[in-house]
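Q: Okay, here's the structure, questions in a sec.
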RNA sequence: GCGCCCAUAGCUCAAUUGGAUAGAGCAUUUGACUACGAAUCAAAAGGUUAGAGGUUCAACUCCUCUUGGGCGCGCCA
């Protein structure tokens with residue numbers, strides 16, 4: 194919170210300065226973290242922006258701002274000086290950092306949380322893989338990113354629901370059902386060919402095997418292949434996700450809006466289409482019902498209902514999003530594989546037709562995982578059954594490594610995943626580097642129990658003994674936890690946290706080499722113990738946001 | 001053909017969303033365990049940010065073009 198607090202203070206000072214100068218434009222200044230070679234905590238770029246508007250020299254403005262700032266907020270600023278093209282480099286008083294340390298110790302896992310955000314109801318929809326086969330590694334990336342975003346939003350105080358949209362209706366279900374039936378017949382000894390465009394995977398045979406053993410005396414017509422296949426696949430998906438530390442609040446079945454009818458015999462899809470038609474956002478042409486999505490920036494209009502009377506996928510998806518709003522969500526986050534990008538414009542159009550700003554729907558596209566095995570890329574297809582499942586990868590490299598790996602990169606970047614490499618690196622992995630910090634802290638804290646004379650009450654700690662560069666850097670990084678939260682929310686990407694935690698680990702290990710915690714000086718020992726307690730809190734908070742475990746011993 | 005995304009060290013990726021000398025891990029080289037955990041630390045080496053223009057006080061970041069890669073363009077889901 195340090196950075197935001199200082200920025201707020203500066204905002205007021207700069208606003209007054211602008212007023213005095215007769216400048217009415219709004220100023221979007223930033224408070225940066227200066228590069229490593231510069232000895233300052235924050236850098237203000239306002240002078241350069243103002244100089245342009247006021248047509249004066251940046252360094253002149255900078256000096257005037259410094260004079261005012263030092264006078265207005267002496268309790269925050271230790272030192273302020275001009276540098277480079279007109280940056281104002283600020284050094285913050287140590288007391289501010291000590292106060293932040295106390296805040297961390299007091300708030301623990303609530304540090305960085307804003308309870309007032311609770312009135313915003315956010316639905317994060319992710320994975321939503323069709324129940325036609327096991328989750329593959331690509332779904333795993335979506336699962337890791339979506340789950341972490343939900344955790345981050347929840348930590349920020351929002352009222353978050355995690356939902357899986359279950360596409361259990363339509364043609365693909367028919368194909369799945371038939372696939373299971375043919376495998377069943379084959380097992381019963383019938384000589385039938387298995388069609389090339391049916392689901393080839395082994396898991397279909399496993400389903401058929403179960404049905405054979407459970408239904409020895411029953412007639413084939415009595416078996417509901419669709420139900421049985423979906424049941425097995427779904428329970429597999431749920432198990433895989435659970436092993437991946439992903440749990441959903443809600444599983445929303447497509448059948449709810451496509452099959453369930455009200456007292457007038459209408460489904461939600463029927464009603465949504467009628468609503469759009471009545472509103473003039475849909476029209477009939479060539480016997481089909483079209484969505485006028487070009488009105489809101491789509492390339493072309495899209496079919497909602499085919500001339501033969503069947504709805505398209507878009508129709509049920511529109512009804513689904515309408516349903517989301519009806520459930521009171523004020524913000525929607527969707528995670529889609531990048532192959533769905535062509536779909537963004539039309540669903541955003543739908544949102545606007547339903548009367549909402551397109552900004553309430555945030556669509557995060559994540560690029561696919563390029564799977565590499567022994568230098569050869571593996572092409573994945575559910576139909577042909579050629580894929581690496583999420584379970585295989587989790588079993589091989591472990592849940593924590595797998596999640597960390599997926600979350601280490603921005604969703605936008607394509608990700609190359611070499612199984613052999615992931616296994617090889619698992620002993621010198623960045624995830625262990627971060628977890629090791631907590632293990633070290635825990636070890637020291639355990640050891641400290643054998644010592645006497647240590648103060649544990651915060652009010653009796655002399656924090657000003659934490660005055661080395663290493664300690665100051667460490668506290669500063671702890672406080673940056675809040676900045677990382679804000680950045681992750683703004684960009685809707687959890688990868689900032691993996692980067693942040695690696696940096697924190699780096700700074701901690703440097704501190705550890707330089708500053709011994711358990712010494713004969715009980716006052717210093719007490720203060721440093723509080724410092725590493727704070728480090729452990731932040732590491733735990735951060736790893737929890739990524740869904741990664743935090744062992745005390747490794 | 002049209003549209004979306006990407007291109008950064010030998011490899012995999014960051015860069016606080018337009019800021020100062022572009023940073024990590026892996027791989028390579030060299031040091032450090034007789035006090036809290038060496039899954040660590042210290043140091044070396046590694047770059048015309050694909051290329052060419054442009055905007056800006058300031059460009060890896062924004063705009064245009066070129067090259068190379070991924071993906072999408074159905075009354076499929």
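In my numbering, the protein residues as written are 194 to 747.
Note that the Cβ used here is the ideal one computed from N, Cα and C, for glycine as well.
So residue 610 is in the beta strand (DSSP E); what residue range does that whole segment cover?
A: 608-611
Q: With DSSP as the reference, please indicate the residues paired to residue 559 in a beta bridge.
A: 530
Q: Hey, how far is the Cα of residue 463 from the Cα of residue 565?
A: 45 Å
Q: Please look up how many angstroms separate the CB atoms of residue 365 and residue 675, rounded, as I've assumed it's under 8 Å.
A: Contact flag wrong, Cβ pair sits at about 45 Å.
Q: Nearest CA to the CA of residue 448: which residue from 493, 480, 233 and 361?
A: Minimum Cα distance to residue 448 is reached at 361.
Q: Among 532, 297, 226 and 541, which one has its Cα closest to the Cα of residue 510?
A: 541
Q: Could you check whether the stretch 480-488 touches the stretch 517-535, counting it as contact only if at least three pairs of C-beta atoms, one from each stretch, sit closer than 8 Å?
A: no
Q: Kindly indicate which residue of 479, 483 and 456 has the alpha-carbon position closest to the one of residue 469.
A: 483
Q: At 3 residues or longer, what runs of the beta strand (DSSP E) sit wholly inside the stretch 436-484?
A: 443-446, 475-478 and 481-484
Q: Mind listing, in chain order, the continuous beta strand (DSSP E) runs of no fewer than 3 residues lying wholly within the stretch 221-271?
A: 235-237
Q: Should the stretch 285-296 be regarded as contacting the stretch 643-659, the criterion being three or more beta carbon pairs within less than 8 Å?
A: yes
Q: Are residue 693 and residue 735 touching if we call contact CB-CB under 9 Å?
A: yes
Q: Note the first and the last residue of the continuous alpha helix (DSSP H) segment covering residue 732.
A: 715-739
Q: Measuring only the C-alpha atoms, how far is residue 353 from residue 630?
A: 30 Å
Q: Would you list the one or two residues that DSSP bridges to residue 276?
A: 280
Q: Identify the residues that DSSP records as bridge partners of residue 495: which are they?
A: 484
Q: Note down, in chain order, each residue of its chain lying with its Cβ closer than 8 Å to the Cβ of residue 305, except the 5 sequence neighbours on either side.
A: 194, 348, 349, 674, 675, 678 and 734
Q: Within the same chain, show all residues whose beta-carbon is closer than 7 Å to that of residue 335, passing over the 5 residues directly before and after it, in chain order.
A: 319, 320, 528, 530 and 559
Q: Taking its Cβ as the centre, do 16 or more other Cβ atoms sit within 10 Å of residue 443, making it buried, or is it exposed?
A: exposed
Q: Quick one: grab the DSSP three-state call for residue 650.
A: coil
Q: Can you check the stretch 297-340 for any beta strand (DSSP E) of at least 3 residues that lies completely inside it and give the ranges in chain order?
A: Within the stretch 297-340, the beta strand (DSSP E) runs of at least 3 residues that lie entirely inside it are, in chain order, 314-318.
Q: Looking only at C-alpha atoms, which of 727, 450 and 740 sits nearest to residue 358?
A: Residue nearest to residue 358 within the set 727, 450 and 740 is 450 (criterion: CA-CA distance).
Q: With H, G and I counted as helix, E and B as strand and the rest as coil, what does DSSP make of residue 622?
A: coil
Q: Let me check understanding here. Comparing Cα to Cα, which of 562, 497, 524 and 526 lies closest to residue 539?
A: Comparing Cα positions, the closest option is 497.
Q: Can you tell which of 219, 408, 313 and 399 has its C-alpha closest to the C-alpha of residue 425?
A: 399
Q: Determine the burial state of residue 614: buried for a count of at least 16 other Cβ atoms within 10 Å of its Cβ, exposed for fewer.
A: exposed
Q: Which of helix, strand or coil does DSSP assign to residue 358?
A: Residue 358 sits in a strand when the DSSP states are folded into three classes.
Q: Name the DSSP bridge partner or partners of residue 554?
A: 525
Q: Identify whether residue 565 lies in helix, strand or coil by the three-state DSSP scheme.
A: strand
Q: Over what stretch of residues does the alpha helix (DSSP H) that includes residue 546 continue unbroken?
A: 537-546
Q: Indicate the three-state DSSP secondary structure (helix, strand or coil) for residue 353 in the structure shown.
A: strand
Q: Under the rule that 16 or more other beta-carbon atoms within 10 Å means buried, what is residue 782, buried or exposed?
A: Residue coverage of the chain in this structure runs from 194 to 747, which leaves residue 782 outside it and unanswerable.
Q: In chain order, what residues of the same chain lie with their CB nearer than 8 Å to the CB of residue 475, ignoring the 5 residues before and after it?
A: 466, 469, 482, 483, 484, 485 and 497
Q: Across which residues does DSSP place residue 695 in a beta bridge pair?
A: None; residue 695 has no bridge partner.
Q: Taking DSSP as the reference, what is the three-state secondary structure of residue 582?
A: strand
Q: So for residue 416, helix, strand or coil by DSSP?
A: Taken through DSSP and simplified to helix, strand or coil, residue 416 comes out as coil.
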